[in-house]
Amino acid sequence: MNLVFDGHNDVLLRLWRSRNEGRNPVAEFRNGTSAGHIDAPRAKRGGLAGGLCAIYIPSPHDFTLREPDANGHYATPLDPPLERASSLDIALEMAAIAHRLDQDGSWRLCHTTTEIREAMTDGVFAAVLHMEGCEAIDADLDTLEVFHAAGLRSLGPVWSRNNIFGHGVPFAYPSSPDTGPGLTRAGEELVRACNRLGILIDLAHLTEKGFWDVERLSDQPLIASHSNVHALTPVARNLTDRQMDAIKASHGLVGLNYAVTMLRPDGRDDAETSLATMVSHVDYLVDRMGIDCVALGSDFDGATIPNVIGDAAGNQRLVTALKDRGYGPSDLDKICRENWLRVLASAWHE
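Just so it is clear: in the sequence shown, position 236 is 237 by my numbering, and no numbers are missing.
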């Protein structure tokens, strides 16, 4: 079994919702559930040894993709910006769940790659705290310092909506990622602060202009934690060849997103999506950037996943498909975990 360190999941969102419905999120993760994609038992069965676990502030309404037109095209409007005080409340509640899981021993909150490797060796899920969209962070970045002290080691300045730091890409097909402005001045200061503190910057939901703003300002490898190939699936969230060339030049990486809308050539939200379709994106990424710049970023608990994977327990099916495609042991080690550990060590000043 190839142990996987995964670049993106939304398990904290699911556990936060469980908490709000009166269930015990720690027990649900520890003992397992039929809901969602990740818990400790399913992660162990699928070799999912750890990953970046997102604090994500959901919109007040249920987010749904716009229905495709007769040509299969859709353009879902950006959600409106969120109010900071309520966003901070939710972010703190999710961070508290993460720390309770750590205190319970159900997972281990990791701050260094050494701690990640030790957790993997011990058979404990290695969780790294990530923030997907910084609605909870103030423009003066005081809150950033506090979250960093609490274990935050990765963030994406925006989700697919705008905030004080920048502009997000919509969920649209077909569409270029060049959909609007990039970082604001506050966003530029956020990038500089992340470089100083050793917090990974994730480009996954930024506009193309925002991507180039980070490329210009950051001293880190460029990371798109859960994105795919625009040339194969032309949704706004996928990466152009030029963006991939910049990621390669920075010795960064792209984490393959399992979301079917970002894998299928038709961009549809259809779980009947094949392993061959997933492998085709990996092949393209490897051909364009090299084996050292490709990893996994499932988006478990945050998207429709191919039925052939199902949940974390099915993660090795993709690994087997890559092996059958001709990827050797060293290649699989890099895709499954070593590339992530390399870029994390760089961003974290190790």
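A virtual CB, placed ideally from N, CA and C, is assigned to each residue, including glycine.
Taking the CA atoms as reference points, Val159 sits about 11 Å from Pro171. No residue range can be given for Val236, since it is assigned to no beta strand (DSSP E) and is classified by DSSP as neither H nor E.
Residues Arg162, Pro171 of the same chain have their beta carbon placed closer than 6 Å to that of Leu79, with the five preceding and five following residues left out of the count. Of the residues Leu223, His231, Ala272, the one whose Cα lies closest to the Cα of Ile248 is Leu223. Beyond the five residues adjoining it in sequence on each side, Pro82 comes within less than 7 Å, by CB distance, of Arg162, Asn163, Asn164 in the same chain, given in chain order.
Its chain contains Leu16, Ser19, Asp40 as the residues whose beta carbon lies nearer than 7 Å to that of Glu29, once the 5 sequence neighbours on both sides are disregarded; these appear in chain order. Taking a contact to require three or more Cβ pairs closer than 8 Å, the segment 142–153 and the segment 169–183 do not qualify as touching. Boundaries of the beta strand (DSSP E) harbouring Asn10: 5–10, taken from the DSSP string.
For Met132, the enclosing beta strand (DSSP E) covers residues 127–133. Distance check between Leu254 and each of Arg289, Leu233, Asp312, Gly303 places Arg289 closest, using alpha-carbon atoms only. A direct Cα-to-Cα measurement between Gln317 and Glu209 gives close to 32 Å. A straight line joining the alpha-carbon of Ile91 with that of Tyr57 spans about 9 Å.
Distance between Asn229 and Leu264, taken at the CA atoms: about 7 Å. C-alpha of Thr77 to C-alpha of Thr122: approximately 43 Å in a straight line. With contacts defined by Cβ atoms closer than 8 Å, Gly167 and Thr144 do not form a contacting pair.
Taking 8 Å as the cut-off, the beta carbon of Val280 is found closer than this to the beta carbon of Arg326. DSSP places Ile200 in no alpha helix (DSSP H); its state is neither H nor E. For Phe212, the uninterrupted alpha helix (DSSP H) segment begins and ends at 209–218.
A Cβ-Cβ separation of about 6 Å places Arg43 in contact with Gly33 under the 8 Å criterion. Taking the Cα of Leu14 as reference, the smallest distance to any Cα among Ala194, Leu53, Glu119 is reached at Leu53.
The shortest C-alpha to C-alpha distance from Pro175 to any of His231, Asn3, Lys324, Asn10 is the one to His231.
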